[in-house]
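Take a look at the structure below.
2 protein chains.
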Amino acid sequence: MGSGPSGEEELIARHFRPLASHPGALGLTDDAAFLQPPEGADLVLTKDAIVAGTHFFPDDPPDAVARKALRVNLSDLAAKGALPIGFLLALALPADHADDWLTQFAAGLAADAEAFACPLLGGDTVRTSGPATVSITAIGTVPRGTMVQRKGALPGDRIVVTGTIGDAALGLALRRERGPQGGEAGEAALIARYLTPQPRLVLAGAVRRWATAAMDVSDGLVGDLERLCRASGVGAIVQLEAVPLSPQARAMIGTDADLFANALTGGDDYEILASVPEHNLAALREQAERAGIALTEIGTVTANAEVAFVDTGGAPVRFARGAFSHF
Amino acid sequence: MGSGPSGEEELIARHFRPLASHPGALGLTDDAAFLQPPEGADLVLTKDAIVAGTHFFPDDPPDAVARKALRVNLSDLAAKGALPIGFLLALALPADHADDWLTQFAAGLAADAEAFACPLLGGDTVRTSGPATVSITAIGTVPRGTMVQRKGALPGDRIVVTGTIGDAALGLALRRERGPQGGEAGEAALIARYLTPQPRLVLAGAVRRWATAAMDVSDGLVGDLERLCRASGVGAIVQLEAVPLSPQARAMIGTDADLFANALTGGDDYEILASVPEHNLAALREQAERAGIALTEIGTVTANAEVAFVDTGGAPVRFARGAFSHF
Chain A
0 MGSGPSGEEE
10 LIARHFRPLA
20 SHPGALGLTD
30 DAAFLQPPEG
40 ADLVLTKDAI
50 VAGTHFFPDD
60 PPDAVARKAL
70 RVNLSDLAAK
80 GALPIGFLLA
90 LALPADHADD
100 WLTQFAAGLA
110 ADAEAFACPL
120 LGGDTVRTSG
130 PATVSITAIG
140 TVPRGTMVQR
150 KGALPGDRIV
160 VTGTIGDAAL
170 GLALRRERGP
180 QGGEAGEAAL
190 IARYLTPQPR
200 LVLAGAVRRW
210 ATAAMDVSDG
220 LVGDLERLCR
230 ASGVGAIVQL
240 EAVPLSPQAR
250 AMIGTDADLF
260 ANALTGGDDY
270 EILASVPEHN
280 LAALREQAER
290 AGIALTEIGT
300 VTANAEVAFV
310 DTGGAPVRFA
320 RGAFSHF
Chain B
0 MGSGPSGEEE
10 LIARHFRPLA
20 SHPGALGLTD
30 DAAFLQPPEG
40 ADLVLTKDAI
50 VAGTHFFPDD
60 PPDAVARKAL
70 RVNLSDLAAK
80 GALPIGFLLA
90 LALPADHADD
100 WLTQFAAGLA
110 ADAEAFACPL
120 LGGDTVRTSG
130 PATVSITAIG
140 TVPRGTMVQR
150 KGALPGDRIV
160 VTGTIGDAAL
170 GLALRRERGP
180 QGGEAGEAAL
190 IARYLTPQPR
200 LVLAGAVRRW
210 ATAAMDVSDG
220 LVGDLERLCR
230 ASGVGAIVQL
240 EAVPLSPQAR
250 AMIGTDADLF
260 ANALTGGDDY
270 EILASVPEHN
280 LAALREQAER
290 AGIALTEIGT
300 VTANAEVAFV
310 DTGGAPVRFA
320 RGAFSHF
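Each protein sequence line maps, in turn, to chains A and B.
Mapping the first sequence onto numbering that gives the first Met the number 0, position 294 (from 1) lands on 293, and the numbers just tick up by one.
Mapping the second sequence onto numbering that gives the first Met the number 0, position 270 (from 1) lands on 269, and the numbers just tick up by one.
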């Protein structure tokens, strides 16, 4: 017949084959990939989708969109104590997407696939009449039976978070008001936190070893802590003044105290929230210090089912909306 | 705080938790699932996405949309010789979707998850301003090192296909012309072939044992055979009159000979195309007979790189378009 590869095959070969370094990906020329699971390991599987206009701005840089799509999945793996071994991608593209968009998207994805040692194993590219949609399934591994769950927090455990909370929610507000660059340097830093999450994979092993329960903070600290507590059948008391804020977030909240609630209930932090027995805290802290990642105690797990955020006087503070939800 | 589960959590609990029978799915209440891979097995991973208006009609029955989304992935596993162990789902829904749509979608998915012993392991539900989009990652297993690839066909191997070819392509044409029900019984049967593929999982083991190369026919027999041959570095000669057609397809082609080309180049067959050494043919045929699935020899693998479809006089026939591509 002599007809060559189809448009889709050429697109895949040009943009995505370079990311498919895993031998089981077969250069993306087959219908499926194969993977030999490490002996004695469990697989950890997670799948998050992002949609233009819902989870990212249609004019966000395409390489940043790709990075975010992969990183939100890697953040899930990190919080479960898992290290990535590869991912699959489904990309639905509008008919009028610019070829350059795809080139930049693939470049961003390639950079992160390499940086996080997480090669592309396979996937699908399809047309949509709607917005660009990126669905990623990430696959990680943990030693058998050791995936860290939301369930497992015990009364008396200390509650810790990595990094700082609320930057992305404040960055999103700035992005909406001021556009992609923000007004000045501090604003740009917050917008960057919204645009490009930092999966805490370097702490995956420490979380697995020292935490009783963990999850990534993707839908707001308040709502996500409630989820962790609900799964564990416990409650929590959190000192609001202990919640770690970046200097930029602190400055912004200083001008509008209502933004503190945004910071605590907004989404897209992609930090690790974990419950840690008191006697494990020093070891976890040492690992975090070695990795250069802030780790902050913000409260304690309690035996009752209530999750309370208290101010410096010990009075509980209520938030209008619990968790931010993209849905 | 006392705020309960979010809208997304309730939606997942109501519609999808019943499908998550695998213990590692944790009732869909965690950020990830875990899976203990069978000893000595390789995982087989595939991911196909379908979009309303591109791969299915927006007014297709929601349960059929769900079944198709899962089955196109199971068809890939079957052709690779793999049996499913579970799947992950990303579902992007328009804001105005009817609640009933989701109920029916979940019911169709639940029925097939059970029928094919392929439980839901996790996923994501998101909002889109565009058409409903269903992305599924299916996970299967094969004994280590035995995934059947497109590569591997050897000169002299016989080329076989399961079932009948072209029904779905003709069904799609009828669906476009006559609406979801078609005109009469024969038309309804072809439309049903388009709507609901039949993954040949019951032959997965036999394909693994007896075929040198295989893939599922999803983008048209002509184009897909070229792909298999290209991956294997071989050619093929196919007797057109040997290509198995259903009585309904034969009747329709009888009224319009041009439709034969449609049948051979159209997509959505989801039959298995395989190359099989002559001495393995009887064993494979016996397995297919036992499973009640037609298996038809249509040609032979050749040492040159050309794929030729020849008529009863031995003259090669050319098709205007090689493979059908959704992209």
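Cβ atoms here follow ideal geometry from the backbone N, Cα and C, with glycine treated the same way.
Predicted, not measured: the structure shown is a model, and the values here were computed from it.
If you draw a straight line from the alpha carbon of residue i to that of residue j, how long is it in whole angstroms?
{"i": "LEU173 of chain A", "j": "GLY182 of chain A", "result": "8 Å"}
{"i": "VAL160 of chain B", "j": "ALA191 of chain A", "result": "53 Å"}
{"i": "ARG317 of chain A", "j": "THR211 of chain A", "result": "27 Å"}
{"i": "ASP156 of chain B", "j": "VAL306 of chain B", "result": "14 Å"}
{"i": "LEU168 of chain B", "j": "ARG13 of chain B", "result": "Checking the sequence shown, residue 168 of chain B turns out to be Ala, not Leu. Rounded to whole angstroms, ALA168 of chain B to ARG13 of chain B spans 36 Å at the Cα level."}
{"i": "LEU119 of chain A", "j": "LEU69 of chain A", "result": "10 Å"}
{"i": "TRP100 of chain A", "j": "VAL237 of chain A", "result": "43 Å"}
{"i": "LEU44 of chain A", "j": "THR140 of chain B", "result": "15 Å"}
{"i": "ALA137 of chain A", "j": "ILE164 of chain A", "result": "24 Å"}
{"i": "ALA331 of chain B", "j": "LEU18 of chain B", "result": "Outside the displayed span of chain B (0 to 326) sits residue 331 of chain B, for which this structure offers no information."}
{"i": "VAL233 of chain A", "j": "ALA213 of chain A", "result": "14 Å"}
{"i": "ARG126 of chain B", "j": "ARG149 of chain A", "result": "25 Å"}
{"i": "VAL300 of chain A", "j": "ARG226 of chain A", "result": "13 Å"}
{"i": "GLY1 of chain A", "j": "GLN197 of chain A", "result": "With a pLDDT of 38 at GLY1 of chain A, under the threshold of 50, the modelled position of this residue cannot be trusted; read the value that follows with caution. Cα to Cα, the separation comes out at about 47 Å."}
{"i": "ALA91 of chain A", "j": "GLY121 of chain A", "result": "14 Å"}
{"i": "PHE323 of chain B", "j": "GLU277 of chain B", "result": "For PHE323 of chain B, the predicted model reports a pLDDT of 42, less than 50, meaning its position is unreliable; a value from the coordinates is still stated below. Looking at the two C-alpha atoms, the distance is approximately 30 Å."}
{"i": "SER231 of chain A", "j": "ASP30 of chain B", "result": "14 Å"}
{"i": "VAL275 of chain A", "j": "TRP209 of chain A", "result": "6 Å"}
{"i": "ARG289 of chain A", "j": "GLY162 of chain A", "result": "14 Å"}
{"i": "GLU285 of chain B", "j": "ASN279 of chain B", "result": "10 Å"}
{"i": "MET146 of chain A", "j": "HIS54 of chain A", "result": "27 Å"}
{"i": "GLY313 of chain B", "j": "VAL242 of chain B", "result": "15 Å"}
{"i": "GLY52 of chain B", "j": "PRO130 of chain B", "result": "7 Å"}
{"i": "PRO5 of chain B", "j": "LEU87 of chain A", "result": "Going by the sequence as given, residue 5 of chain B is Ser instead of Pro. For SER5 of chain B and LEU87 of chain A, the distance between alpha carbons rounds to 28 Å."}
{"i": "LEU194 of chain B", "j": "PRO57 of chain B", "result": "12 Å"}
{"i": "LEU73 of chain A", "j": "ALA65 of chain A", "result": "13 Å"}
{"i": "PRO37 of chain B", "j": "CYS228 of chain B", "result": "32 Å"}
{"i": "THR264 of chain B", "j": "ASP218 of chain B", "result": "7 Å"}
{"i": "ASP95 of chain A", "j": "THR295 of chain A", "result": "46 Å"}
{"i": "ARG177 of chain A", "j": "GLY253 of chain A", "result": "19 Å"}
If you check the beta carbons only, do residue i and residue j fall under 7 Å apart?
{"i": "PRO48 of chain B", "j": "SER128 of chain B", "result": "Note on residue identity: the sequence assigns Ala, not Pro, to residue 48 of chain B. Their beta carbons are not under 7 Å apart, which means ALA48 of chain B does not touch SER128 of chain B by this criterion."}
{"i": "GLY107 of chain A", "j": "ASP62 of chain A", "result": "yes"}
{"i": "ALA248 of chain A", "j": "ALA262 of chain A", "result": "yes"}
{"i": "LEU272 of chain A", "j": "ASP223 of chain A", "result": "yes"}
{"i": "ARG199 of chain B", "j": "ALA302 of chain B", "result": "no"}
{"i": "ALA32 of chain B", "j": "GLY23 of chain B", "result": "yes"}
{"i": "ALA205 of chain B", "j": "LEU283 of chain B", "result": "yes"}
{"i": "VAL50 of chain B", "j": "THR124 of chain B", "result": "no"}
{"i": "ASP310 of chain A", "j": "LEU239 of chain A", "result": "yes"}
{"i": "GLU270 of chain B", "j": "VAL201 of chain B", "result": "no"}
{"i": "MET251 of chain A", "j": "LEU244 of chain A", "result": "no"}
{"i": "ILE158 of chain A", "j": "ALA281 of chain A", "result": "no"}
{"i": "ARG207 of chain B", "j": "GLY80 of chain B", "result": "yes"}
{"i": "LEU82 of chain A", "j": "LEU42 of chain B", "result": "no"}
{"i": "GLY89 of chain A", "j": "LYS46 of chain B", "result": "According to the sequence shown, residue 89 of chain A is Ala rather than Gly. Against a cut-off of 7 Å, the Cβ pair of LYS46 of chain B and ALA89 of chain A comes out as a contact."}
{"i": "GLY144 of chain A", "j": "CYS117 of chain A", "result": "no"}
Determine which residues share a DSSP beta bridge with residue i and list them.
{"i": "PHE15 of chain A", "result": "DSSP output for PHE15 of chain A lists no bridge partner at all."}
{"i": "GLY234 of chain A", "result": "A:THR301"}
{"i": "GLY122 of chain B", "result": "B:LEU88"}
{"i": "PHE308 of chain A", "result": "A:VAL237 and A:VAL316"}
{"i": "VAL216 of chain B", "result": "B:GLU270"}
Problem set entry | Interfacial residues, the region 108-128 of chain A to chain B, with Cβ spacing under 7 Å | Under the 7 Å Cβ criterion, the region 108-128 of chain A contributes LEU120, GLY121, GLY122, ASP123, THR124, VAL125, ARG126, THR127 and SER128.
For this session: List in chain order: all unbroken beta strand (DSSP E) runs of 3+ residues lying wholly within the region 128-209 of chain B.
Result: Within the region 128-209 of chain B, the complete beta strand (DSSP E) runs of at least 3 residues are 132-142 and 157-161.
For this session: Would you list, in sequence order, the uninterrupted beta strand (DSSP E) runs of no fewer than 3 residues that lie entirely inside the region 17-105 of chain A?
Result: Within the region 17-105 of chain A, the runs of beta strand (DSSP E) that reach at least 3 residues and sit entirely inside it are, in chain order, 32-34, 40-50 and 82-93.
Problem set entry | Whole beta strand (DSSP E) elements within the region 247-304 of chain B, 3-residue minimum | Qualifying beta strand (DSSP E) stretches, in chain order: 270-275 and 294-301.
Exercise. Which residues, in order along the region 63-81 of chain A, keep a beta-carbon less than 8 Å from a beta-carbon of chain B?
Worked result: Near chain B, meaning a CB-to-CB distance below 8 Å, the residues of the region 63-81 of chain A are ASP75, LEU76, ALA78, LYS79 and ALA81.
For this session: Return the residues of the region 143-163 of chain A that lie within a Cβ-Cβ distance of less than 7 Å from chain B, sorted by chain order.
Result: Contact residues of the region 143-163 of chain A toward chain B are ARG143, MET146, GLN148 and ARG149 (C-beta to C-beta distance below 7 Å).
Exercise. Along the region 231-255 of chain B, what residues have a CB closer than 9 Å to any CB found in chain A?
Worked result: Flagged: no residues at all.
For this session: Please list the residues of the region 44-57 of chain A that have a C-beta atom closer than 9 Å to any C-beta atom in chain B, keeping them in chain order.
Result: Result list: LEU44, THR45, LYS46, ASP47, ALA48, ILE49, VAL50, ALA51, GLY52, THR53 and HIS54.
For this session: Name, going along the chain, the residues of the region 17-30 of chain A whose beta-carbon falls closer than 7 Å to a beta-carbon of chain B.
Result: Taking 7 Å as the cut-off between beta carbons, the residues of the region 17-30 of chain A near chain B are LEU25, THR28, ASP29 and ASP30, in sequence order.
For this session: Pull out every residue of the region 176-206 of chain A whose Cβ sits closer than 8 Å to any Cβ of chain B, in chain order.
Result: Listed in sequence order: no entries.
For this session: Output, in sequence order along the chain, the residues in the region 32-43 of chain B whose CB is closer than 8 Å to any CB in chain A.
Result: So the list reads ALA32, PHE33, LEU34, GLN35, PRO36, ALA40, ASP41, LEU42 and VAL43, given in the order they occur along the chain.
Exercise. Using Cβ-Cβ distances below 8 Å, what residues of the region 271-293 of chain B are close to chain A?
Worked result: Residues passing the 8 Å Cβ filter: none.
For this session: Using a Cβ-Cβ cut-off of less than 9 Å, give me the residues of the region 84-98 of chain A that come near chain B, in sequence order.
Result: Going along the region 84-98 of chain A in chain order, one finds GLY85, LEU87, LEU88, ALA89, LEU90, ALA91, LEU92 and PRO93 with a Cβ nearer than 9 Å to chain B.
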